[in-house]
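Right, one structure below, let's go through it.
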Amino acid sequence: MEPQNDQVLKNQESILANQESILKNQESILNNQNSLDSILSNQHIIISNQDSILGNQLTILKNQQTLDAILSNQETILSLLTK
2 MEPQNDQVLK NQESILANQE SILKNQESIL NNQNSLDSIL SNQHIIISNQ
52 DSILGNQLTI LKNQQTLDAI LSNQETILSL LTK
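Here it is as structure tokens:
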């Protein structure tokens, strides 16, 4: 084979190797994007859970206020009964 043809063959092999490398990099990028999508989805779930927790804490606070009012009423009733 002529030296020029040898060089063309080497260049083609190099191009093929580079294309294979590019394909692997693209696959890696796709995997990373899928990971980022999963992270984003998990973050949305976390935010939703935090909203639920906040709502539950508000309910607990309201229940505590109700219990405080009940206790105050019981103390008033006890005070009136002991007079």
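So the sequence shown is residues 2 to 84, counted in the numbering used here. Yeah, the Cβ is synthetic: ideal placement off N, Cα and C, and Gly gets one too.
Cα-Cα separation between residue i and residue j, rounded to whole angstroms
i: I40; j: Q51; result: 16 Å
i: S29; j: L37; result: 12 Å
i: V9; j: I16; result: 10 Å
i: Q20; j: Q13; result: 10 Å
i: I54; j: Q27; result: 40 Å
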